[in-house]
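S.K.: Take a look at the following structure, please.
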Amino acid sequence: SSLLLGKITIATGIYSRSQQCQTIRKVDQIFIHPNWTAHVNGFRNDIAILHLTESLDFSTNLLIARTCLPAQSNSTNDITKYPPSNSSLVVIGWNFRTTLNSTARDILQQATLISIHHNHSSCAASINHIETQFCAGRYEDCKGTCVGDSGGPILRWIGDRWEQVGIVSYGLDNCESANHQMIFTRITAYYDWIERVMNQWNSTAITTAATATATAITTINRPLSVYRCSKNNTLCGCGFNNVALTTTRIVGGEEAIPYSWSMIVSLRYDCLNNGNFTTHCCGGTILNNYYILTAAHCVDKINLSSVLSQNITIAAGIHNLTEINQTIRRVDQIFIHSDYTGLTDMFKDDIAILHLSEPLDLDTNSRISRTCRPSRVYTQEDIRQYPSNGSKLAVIGWGLLNRPFNIKPQLLQQLNIYAIHHIHPTCAQYIGYVDVQFCAGVYDDTKGPCNGDSGGPVMQWLDDHWEQVGIASYVVRGCASYGYPSVYTRLASFHDWIEWIINPSNYTTTTTTIAYRPPNVYSCNNRNTSCGCSKVNVAFSSLRIIGGGEAVPYSWSMIVSLRYDCLNNGNFTTHCCGGTILNNYYILTAAHCVDKINLSSVLSQNITIAAGIHNLTEINQTIRRVDQIFIHSEYAGQQDLFKNDIAILHLSEPLDLDTNPFITQTCRPLRMNSSENIMAYPSNGSRLAVVGWGAANRPANIIPQLLQQLYIRTIHHNDSTCARSIGHVTVQFCGGVYDGGKGICYGDSGGPIFEWLGDRWEQVGISSY
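Add 3 to a position in the sequence shown, counting from 1, and you land on the number used in my numbering.
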């Protein structure tokens, strides 16, 4: 409000708020700490400095005096110990109240409080950040501070004068509470910031139209934070110029310092389908001379058009999208994460890497630089905490500047945002997968990334360089809507995946652009488990079972091929169904695979299984004859939607699980005590693997010779795609994918459905119908 901003004043040299002789000054500038986070993050950095239109006269007015501030501390440890625990402190203000509803005082009040250690039970549960805050209060009565003392001082006597050690920030309880405590901003933590503001360091700040005029309108001018990069000590994360950030918005625009984000690139192709192949479509960052990091949703449709695929480029070393001196490179290969799900599943694993046809010259071109990535994080718990809740981040891009008119800025934009914990209500209802995504934003208006920022970086400052912690993925409700966070791909989750791609030994040259999805490797714990692990680790891409997705040879050693004359053509070596090894003598399969066999004595003598194979026709196969078939007594067949579609086969001779490394037992789920638990396993949306030698092409019914595999997901039985087809939810579940013709086919019947349990594969189902 311009009316309000023009009428902010301070009154000093007073004892009574109503007294006549007051020294009044108007405020014309407000410096709020750039990391101020408001109540949503525990009032961290709750400090501001006001500039007056006229100076105070300390030399002649004996009723006013400067406050004394603590000396500069040399370490974080020193900062957190000042003021010392159990120090006697004095808090002062006019708004002392015994209850929240009582009237503020006219006469200045004071009270003695005791500083409380941050580990004390009365403080630890509520203090947000011990480096910048401390607790104080009284235990034996209800003396304390209430609303209206906010911003006032808390002082400590140091022998010959009073020193201000804190600023009243917020209370932990109502005034009338017997153990009412307060949280204070710890002034010693802000020595450098106060010095910068008072020494007119803000003269370099961006000048707004209001401050540039001679009007009396006050502006809130937050000084720039300059991040001085150590280019001599790091190979990544530093731009040509130092970054300088204020807290203005990306939607509405704060221009970055030109060439301060030298690791960012503009990804260009005909994403608007208007024939313009120089359109800025997404952001990205430079991994090395040949590789660019971006979001999968920026490039997942590109490989559908050969004309388009020849015209994908990146522009590096730019601040203005239209500037002349751009470094342009053509993209000749695209790596999309194998588990990327797209819009159908909240953009899980929204990450891609682009390979360039010619290298960038990072060594000689000072306006381009590498992005820094997080180091390997070894536990999921640590991954979920990086970036940490409330940490300050920077999002960068050429996104939409103004929603109503869809104006894209030509100049690179930037914004300070904050990481939001996944259990916070503004995040929890919108984020899909906390292991690979995080929320970030600001709470006080509609700041955030927008269309055109997709694929661009989210950065965190690490004292001497910037580290990329995320990739802009999606906004919850349109472009930067109030109260809705933006969701970012959590880069710490993808360390190994990125390494697998940018390692030159794994790169094969191609002449045309292709979308290639490298595998996720599942490292099995062979030493500590007797089932669910093969000699070779499973590695997955997203190629389809219908249309082909070859498994790594001998990575599913628990699977077998069930063979007999199922086509009635006299060939008893025909692959008819899949199955899995329960132990040396028993094979698990589907009842419908064998329910007709016992009708023919000739047929029943020629049922075999082949184990330890990848290719159906390979020479070294372990063949065993089936001499007994156990079909579930309540198997219903097609007339009742294949209820209890399960069977066990007994072998005439045992398999040698102890000495043959190419065969292994399947792992089964533990016994469950209730129908509810059974129906919830596998859980809705969990990722599963289906394996088999199914038909590769439905119209031609071509059976592949090589073992196939596919990722699918469980679908809840109440989901419309499942409810109309499933017959018996207590003994059946649905699985599939939504984005194409992927799924199991004829020949996969009886084969296994697996779920990864962190160190082994567990069979949760049998392919039925």
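Even for Gly, the Cβ is constructed at its ideal location relative to N, Cα and C. Just so we're clear, the structure is a prediction, and the values are computed from it rather than from any experiment.
Leaving out the 5 sequence neighbours to the left and right, which residues in its chain are closer than 6 Å to A68 when beta-carbon positions are compared?
M.R.: The residue labelled residue 68 in the question sits at position 65 within the sequence shown. So the list is empty, once near-sequence residues are dropped.
S.K.: In terms of residue numbering, what span does the beta strand (DSSP E) encompassing Q336 cover?
M.R.: For the purposes of this step, residue 336 is taken as the residue at position 333 of the sequence shown. Run containing Q336: 330-339, per the beta strand (DSSP E) assignment.
S.K.: Determine the DSSP secondary structure at F497, reduced to helix, strand or coil.
M.R.: Here the question's residue 497 lines up with position 494 in the sequence shown. It is helical.
S.K.: For A114, tell me which candidate among I130, H120, D152, N122 has the shortest Cα-Cα distance.
M.R.: The count along the sequence shown starts at 1 and reaches residue 114 at position 111. Of the listed residues, the one whose Cα sits closest to A114 is D152.
S.K.: Which of helix, strand or coil does DSSP assign to S118?
M.R.: Locating residue 118 in the sequence shown gives position 115, where the first residue counts as 1. Reduced to three states, the DSSP call for S118 is strand.
S.K.: Which residue wins for smallest C-alpha separation from D364, given the options P390, I616, S265, H719?
M.R.: On the sequence shown, residue 364 is found 361 positions in, with the first residue counted as 1. Minimum Cα distance to D364 is reached at S265.
S.K.: Please list, in chain order, all residues of the same chain as N587 whose beta carbon is under 7 Å from its beta carbon, the five residues on each side excluded.
M.R.: Here residue 587 corresponds to residue number 584 of the sequence shown, with the count starting at 1. The answer, listed in chain order, is P657, L658, L660.
S.K.: Determine the burial state of P755: buried for a count of at least 16 other Cβ atoms within 10 Å of its Cβ, exposed for fewer.
M.R.: Sequence index remark: in the sequence shown, residue 755 carries index 752 (1-based). P755 should be labelled buried.
S.K.: How close, in whole Å, do the beta carbons of S233 and D31 come, if the pair is a contact with beta carbons under 8 Å?
M.R.: Translated into the one-based positions of the sequence shown, residue 233 becomes position 230. Translated into the one-based positions of the sequence shown, residue 31 becomes position 28. That belief does not hold up - the Cβ atoms of S233 and D31 are roughly 37 Å apart, past 8 Å.
S.K.: How far does the alpha helix (DSSP H) with V597 in it extend, from its first residue to its last?
M.R.: Along the sequence shown, one-based indexing puts residue 597 at 594. Taken as a continuous stretch (DSSP letters only), V597 belongs to no alpha helix (DSSP H), as it is neither H nor E.
S.K.: Could you check how far apart the C-beta atoms of S677 and E758 are, in whole angstroms? I think they sit under 8 Å.
M.R.: For the purposes of this step, residue 677 is taken as the residue at position 674 of the sequence shown. For the purposes of this step, residue 758 is taken as the residue at position 755 of the sequence shown. 20 Å between Cβ atoms; not a contact.
S.K.: I want to see whether chain D comes within less than 8 Å of I501, judged by CB atoms only; does it?
M.R.: Checking the listed chains, one finds no chain D in this structure; it contains a single protein chain.
S.K.: Span of the beta strand (DSSP E) holding S564?
M.R.: Along the sequence shown, one-based indexing puts residue 564 at 561. Residues 562-566.
S.K.: Using only CA atoms, which one of A127, I157, I117 lies nearest to T70?
M.R.: Position 67 of the sequence shown holds residue 70. Cα-wise, what sits closest to T70 is I157.
S.K.: What residue from I260, V398, I305 has the CA that sits closest to N276's CA?
M.R.: As a position in the sequence shown, residue 276 is number 273, starting the count at 1. Ranking the options by Cα distance to N276, first place goes to I305.
S.K.: Taking the alpha helix (DSSP H) that R780 belongs to, which residues open and close that run?
M.R.: Nothing about residue 780 can be read from this structure; the chain reaches only from 4 to 772.
S.K.: List the whole-angstrom C-beta distance separating N616 from L652, where the pair is believed to meet the contact cut-off of C-beta under 8 Å.
M.R.: Sequence index remark: in the sequence shown, residue 616 carries index 613 (1-based). Sequence index remark: in the sequence shown, residue 652 carries index 649 (1-based). At residue 616 the sequence reads Ile, which differs from the Asn that was named. In fact, because the Cβ distance is near 17 Å, the residues do not count as touching under 8 Å.
S.K.: Considering I790, what are the terminal residues of the alpha helix (DSSP H) in which it resides?
M.R.: The requested residue 790 does not occur in the structure, where the chain is confined to residues 4 to 772.
S.K.: Taking DSSP's pairing of strands, which residues face R189 in a bridge?
M.R.: For the purposes of this step, residue 189 is taken as residue 186 along the sequence shown, with counting starting at 1. According to DSSP, R189 bridges with G169.
S.K.: Please list the terminal residues of the continuous beta strand (DSSP E) segment that includes P412.
M.R.: Working through the sequence shown from its first residue, we reach residue 412 at position 409. No beta strand (DSSP E) contains P412, which DSSP labels as neither H nor E.
S.K.: Please report how far the alpha carbon of A247 lies from the alpha carbon of A259, in whole angstroms.
M.R.: On the sequence shown, residue 247 is found 244 positions in, with the first residue counted as 1. On the sequence shown, residue 259 is found 256 positions in, with the first residue counted as 1. Approximately 7 Å between the Cα atoms of the pair.
S.K.: Within the continuous beta strand (DSSP E) that includes S678, where are the two ends?
M.R.: Numbered from its first residue, the sequence shown carries residue 678 at position 675. Careful: S678 lies outside any beta strand (DSSP E), inside the alpha helix (DSSP H) at 678-682.
S.K.: If you draw a straight line from the C-alpha of G738 to the C-alpha of N687, how long is it?
M.R.: In the sequence shown, the residue the question calls residue 738 occupies position 735. In the sequence shown, the residue the question calls residue 687 occupies position 684. Those two C-alpha atoms are separated by around 9 Å.
S.K.: Could you give the first and the last residue of the continuous beta strand (DSSP E) run that contains I317?
M.R.: The count along the sequence shown starts at 1 and reaches residue 317 at position 314. Note, I317: beta strand (DSSP E), 316-319.
S.K.: Starting from the C-beta of S770, find all residues in its chain whose C-beta is less than 8 Å away, skip the five residues before and the five after it, and write them out in chain order.
M.R.: Start at 1 with the first residue of the sequence shown, and residue 770 comes out as number 767. Only G581, A593, V693, G695, I747, D751, S752, G753, G754, P755, I756 meet the Cβ criterion.
S.K.: Closer than 7 Å by C-beta to L546: which residues in its own chain qualify, once you throw out the five before and the five after it? Chain order, please.
M.R.: On the sequence shown, position 543 is the one that residue 546 refers to. Confidence in L546 is poor, its pLDDT being 38 and thus under 50, which makes the residue's placement unreliable; the coordinate value appears in the next sentence. Only G552 meet the Cβ criterion.
S.K.: DSSP three-state label for W160, please.
M.R.: For the purposes of this step, residue 160 is taken as the residue at position 157 of the sequence shown. Strand at W160.
S.K.: If contact is defined by three or more beta carbon pairs under 8 Å, each pair taking one atom from either stretch, is the stretch 185-194 in contact with the stretch 159-172?
M.R.: Counting Cβ pairs under 8 Å, three or more are found: they touch.
S.K.: Helix, strand or coil for I769 per DSSP?
M.R.: Taking the sequence shown and counting its residues from 1, one reaches residue 769 at position 766. Looking at I769 - three-state DSSP - the assignment turns out to be strand.
S.K.: Pull up the distance between the alpha-carbon of Q631 and that of N392, whole angstroms please.
M.R.: By 1-based counting over the sequence shown, the position of residue 631 is 628. By 1-based counting over the sequence shown, the position of residue 392 is 389. Whole-angstrom Cα-Cα distance: 60 Å.
S.K.: Looking only at its own chain, which residues have a Cβ that is under 6 Å from the Cβ of T237, when we skip the five neighbours before and after it?
M.R.: As a position in the sequence shown, residue 237 is number 234, starting the count at 1. Taken in chain order, the residues that qualify are H468.
S.K.: How about G535 and W196: are their beta carbons less than 8 Å apart?
M.R.: Taking the first residue of the sequence shown as position 1, residue 535 is located at position 532. Taking the first residue of the sequence shown as position 1, residue 196 is located at position 193. No.
S.K.: So, helix, strand or coil for R387, using DSSP?
M.R.: To locate residue 387, count along the sequence shown from 1; it is residue 384. Correct three-state label for R387: helix.
S.K.: Where does D109 sit, in a helix, a strand or coil, going by DSSP?
M.R.: Sequence index remark: in the sequence shown, residue 109 carries index 106 (1-based). Three-state result, D109: coil.
S.K.: Measuring only the C-alpha atoms, how far is P73 from Q471?
M.R.: The sequence position of residue 73 within the sequence shown is 70, counting from 1. The sequence position of residue 471 within the sequence shown is 468, counting from 1. Looking at the two C-alpha atoms, the distance is approximately 36 Å.
S.K.: Among residues of its own chain, excluding the 5 on either side of L465, which ones have a beta-carbon nearer than 6 Å to its beta-carbon?
M.R.: Walking along the sequence shown from the start, residue 465 turns up at place 462. The answer is none, since no qualifying residue turns up.
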